[in-house]
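K.L.:
Note that the UniProt record's numbering gives residue 348 to position 348 of the sequence shown, counting from 1, and the numbers run on in steps of one. Ideal Cβ positions, reconstructed from N, Cα and C, are used throughout, including at glycine. Every value quoted in this text rests on a predicted model; they were computed, and no experiment measured them. Submitted below is the structure of interest, expressed as structure tokens.
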Amino acid sequence: MLWPYQYPECGTGWCPTCWRNTSAVPAESRAAPFAALGYAASMAVSSPKVLEPQGTERRLSDVTRHAGIASRKMLARAHHGRRSRVVDLCPRITDWEEYYLNDDAENVHARVYKSARAEVAVVSFRGTQATSAQNWEIDSDITMLPVELGAPGPHKAASSEAMVHEGFYLELQRVLPHVRKWVEGYIQGTQGLFGIPSYWKLVFTGHSLGAALAVLAATLAEAEGWPRTPDAVVVFGSPRLADQALSDWWESRNLCGKLLRVGVYNDVITWMPFVEPVQIMDIVSYCLENVMSCLSQLANGPKSLHPSKRWAHVCPRSELLVPGAMKGVNVGMEDFSLMGGALAHFLGNALFGYAFGVVHSDLPRHDGFCGFRGGLLPAASCTVLEQLADVVCFGLRHDTNATSSKSCHEHCCKDEFCSVWQFMRNGQCWRGRSEQCTSFHPYAGEVAAGERLH
1 MLWPYQYPEC GTGWCPTCWR NTSAVPAESR AAPFAALGYA ASMAVSSPKV LEPQGTERRL
61 SDVTRHAGIA SRKMLARAHH GRRSRVVDLC PRITDWEEYY LNDDAENVHA RVYKSARAEV
121 AVVSFRGTQA TSAQNWEIDS DITMLPVELG APGPHKAASS EAMVHEGFYL ELQRVLPHVR
181 KWVEGYIQGT QGLFGIPSYW KLVFTGHSLG AALAVLAATL AEAEGWPRTP DAVVVFGSPR
241 LADQALSDWW ESRNLCGKLL RVGVYNDVIT WMPFVEPVQI MDIVSYCLEN VMSCLSQLAN
301 GPKSLHPSKR WAHVCPRSEL LVPGAMKGVN VGMEDFSLMG GALAHFLGNA LFGYAFGVVH
361 SDLPRHDGFC GFRGGLLPAA SCTVLEQLAD VVCFGLRHDT NATSSKSCHE HCCKDEFCSV
421 WQFMRNGQCW RGRSEQCTSF HPYAGEVAAG ERLH
């Protein structure tokens with residue numbers, strides 16, 4: 001089945017054994033204090049330019065594209081199921097200035113957030129927009145392009161060249177010159193007046209496509225010898241973006257301590273690209289000839305995960321896995337679901353994905369800037385199940401007990417402690433209360449004993 005939840009009894013948080021941090025913040029990480037700030041900026045850059053009707057129009061013309069907007073708050077749109085609201089994800093800082101570094105032709109966007117009081121600047125790259133054909137074209141261009149990095153450092157043997165995801169690299173070139181101008185302050189007519197002061201902290205961040213662009217931007221800042229390079233690079237849901245040579249180069253220069261790569265357990269995007277470019281047409285051809293076999297694999301999953309060995313993440317030890325509520329794609333191929341793996345990648349959803357994962361990880365306690373906490377996100381409640389009725393009830397056609405969203409809501413939420421859970425076994429949907437999850441969950445004992453992550 002393509003039922004998305006990995007542990008659906010956790011949808012409203014009444015089953016604490018199901019939520020587990022899969023690892024702690026790496027001990028050598030110098031980026032941890034910036035993690036919540038990076039998350040807030042990654043959310044904000046993905047949100048509409050105008051969030052408040054009474055706010056200043058932020059669509060900057062070509063004439064004023066270098067002007068700053070005194071936005072004060074780092075606003076973003078967060079979701080809990082179908083419920084959403086605009087929130088300030090960094091309430092401790094109230095003097096943000098916001099700048100737009102966009103290439104509208106290719107729909108590649110970045111924003112700079114600067115706070116004089118906090119003495120920090122964040123360059124946030126926007127991730128893939130689901131409705132943007134240009135963004136999907138960037139993601140799918142997985143040809144490997146040789147990029148000269150310069151001499152490696154003394155800490156590890158490494159090459160001076162790496163093979164990089166062509167789509168990511170070429171699109172970064174559209175906004176990177178603007179990023180460098182803002183970092184160094186060489187905006188026309190200002191003589192460097194608006195550059196990032198040397199005593200400020202500089203952070204690069206992004207989610208998904210934006211994560212790949214942030215890591216590549218930090219790489220090129222180092223390789224090109226920018227006078228000012230980022231103090232921290234905090235990324236969320238990053239796909240693999242180069243071969244092993246890039247990771248070796250980072251390690252050779254002792255840069256890995258400034259990178260924190262946050263992933264949600266079962267996020268399918270963090271395993272991409274899966275295959276070599278030449279294999280894609282072979283897979284398509286096979287599926288056209290063997291439709292039922294392909295559908296079966298989509299439903300049940302392959303027996304093991306074999307990602308392409310040509311691709312690698314930068315600095316493997318920099319990864320922090322945070323909790324997730326979804327089935328998806330992981331190294332053990334447990335509870336496989338492509339649909340769940342995609343839902344786990346959602347940045348702003350507090351029901352599953354990164355919003356929930358970040359709040360329930362140990363990242364907030366490292367927060368040195370924002371005052372980020374779970375209460376900022378849309379609250380979970382019994383009515384969430386009603387809002388998600390189309391998914392919970394009507395998506396399970398064999399569930400004869402669910403005849404309407406109203407009956408589903410009544411069946412699921414009879415008291416304040418109700419938390420419906422569902423999991424698939426032998427083609428039937430079993431329902432129950434959260435207090436029953438330990439007895440019914442197939443892996444509950446192993447999870448509680450710490451022998452299993454999920």
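The alpha helix (DSSP H) with Phe125 in it runs from where to where?
P.N.:
Looking at the DSSP string, Phe125 is not in any alpha helix (DSSP H); the run it does join, the beta strand (DSSP E), is 120 to 125.
K.L.:
Please state the DSSP three-state secondary structure of Arg317.
P.N.:
DSSP places Arg317 in helix when its eight states are reduced to three.
K.L.:
Per DSSP, Asp88 forms a beta bridge with which residues?
P.N.:
Answer is Leu75, bridged to Asp88.
K.L.:
Counting C-beta neighbours from all protein chains within 10 Å, is the total for Gly127 16 or more, i.e. buried, or is it exposed?
P.N.:
Buried.
K.L.:
Exposed or buried, Asp415, counting other C-beta atoms within 10 Å across all chains shown (16 or more means buried)?
P.N.:
Low local confidence applies: a pLDDT of 32 at Asp415 is under 50, so the model's placement there is unreliable, and no value is given.
K.L.:
By Cβ distance below 7 Å, which residues in the same chain neighbour Trp200 in space, the five residues on each side in sequence not counted?
P.N.:
Once the five neighbours on either side are set aside, the close Cβ partners of Trp200 are Glu119, Val120, Ala121.
K.L.:
What is the DSSP secondary structure of Arg261, counted as helix, strand or coil?
P.N.:
Looking at Arg261 - three-state DSSP - the assignment turns out to be strand.
K.L.:
Between the segment 199 to 219 and the segment 149 to 169, do three or more beta carbon pairs fall short of 8 Å?
P.N.:
The segment 199 to 219, when compared against the segment 149 to 169, does touch it at the 8 Å Cβ threshold.
K.L.:
Go ahead and pull the three-state DSSP assignment for Ala312.
P.N.:
Residue state, collapsed to three classes: strand.
K.L.:
Output needed for Pro227: all residues of its chain with C-beta closer than 8 Å, excluding positions within five of it in sequence on either side, in chain order.
P.N.:
For Pro227, where only same-chain residues beyond five positions count, the Cβ hits under 8 Å are Glu184.
K.L.:
For Lys73, count neighbouring Cβ atoms within 10 angstroms of its own Cβ and tell me buried if that reaches 16, exposed if not.
P.N.:
Its Cβ being crowded by 16 or more others within 10 Å, Lys73 is buried.
K.L.:
Which residue from Leu89, Val322, Glu28, Leu260 puts its Cα closest to that of Cys370?
P.N.:
Measuring from the Cα of Cys370, the nearest candidate turns out to be Leu89.
K.L.:
When the Cα of Val25 is compared with those of Val322, Phe125, Val329, His345, which residue comes out closest?
P.N.:
Residue Val322 is the option with its Cα nearest to Val25.
K.L.:
Note down, in chain order, each residue of its chain lying with its Cβ closer than 6 Å to the Cβ of Ser159, except the 5 sequence neighbours on either side.
P.N.:
Within the same chain, Ser159 has close Cβ partners Ala245.
K.L.:
Contact check, Ser124 vs Gly237 under 8 Å by CB: the rounded distance?
P.N.:
The Cβ separation is near 14 Å, so there is no contact.
K.L.:
Only counting runs of 4 or more residues, tell me where the alpha helix (DSSP H) segments fall wholly within the segment 20 to 48, in order along the chain.
P.N.:
Complete alpha helix (DSSP H) runs here, min 4: 35 to 45.
K.L.:
Looking at the strands, I want to know which residues DSSP matches up with Phe236.
P.N.:
According to DSSP, which records beta bridges pairwise, Phe236 is partnered with His207, Val262.
K.L.:
Can you give the beta carbon distance from Lys156 to Asp243, rounded, assuming they're within the 8 Å contact cut?
P.N.:
Not really, about 15 Å apart at Cβ, beyond 8 Å.
K.L.:
By DSSP's criteria, Tyr113 is part of a beta bridge. Which residues make up the other side?
P.N.:
Partner(s): Glu98, Val122.
K.L.:
With C-beta atoms as the reference, is Ser84 less than 8 Å away from Ser318?
P.N.:
Contact: no.
K.L.:
With H, G and I counted as helix, E and B as strand and the rest as coil, what does DSSP make of Gly328?
P.N.:
DSSP places Gly328 in strand when its eight states are reduced to three.
K.L.:
Could you tell me the alpha carbon to alpha carbon distance between Pro197 and Val87, rounded to whole angstroms?
P.N.:
Pro197 and Val87: Cα-Cα distance of roughly 29 Å.
K.L.:
Taking Pro177 as part of the beta strand (DSSP E), name the residues at either end of that continuous run.
P.N.:
From DSSP, Pro177 is part of no beta strand (DSSP E) but of the alpha helix (DSSP H) over 166 to 184.
K.L.:
Under a three-way DSSP split, which group does Glu161 fall into?
P.N.:
It is a strand residue.
K.L.:
Classify Ala151 as helix, strand or coil using the three-state DSSP reduction.
P.N.:
Here Ala151 sits in coil by DSSP.
K.L.:
Where does Asp62 fall in DSSP's three states?
P.N.:
At Asp62 the pLDDT is 37, less than 50, meaning the model places this residue with poor confidence; the figure from the coordinates comes in the next sentence. Coil at Asp62, not helix or strand.
K.L.:
Could you check what DSSP says for Asp362 in three-state terms: helix, strand or coil?
P.N.:
Correct three-state label for Asp362: coil.
K.L.:
Can you give me the Cβ contacts of Ser208 inside the same chain, cut-off strictly under 8 Å, excluding the 5 residues immediately before and after it?
P.N.:
Excluding positions up to five away in sequence, the list reads Gly127, Thr128, Phe236, Gly237, Ser238, Pro239, Ile269, His345, Leu347.
K.L.:
Rounded to a whole number of angstroms, what is the C-alpha to C-alpha distance between Trp271 and Ser337?
P.N.:
The straight-line gap from Cα to Cα measures roughly 14 Å.
K.L.:
Using the rule of at least 16 other Cβ atoms within 10 Å of the residue's Cβ for burial, across every protein chain shown, is Asn254 buried or exposed?
P.N.:
Classification for Asn254: exposed.
K.L.:
Look up Lys201 in the DSSP assignment and give the residues it is bridged to.
P.N.:
BP columns for Lys201 point to Val120.
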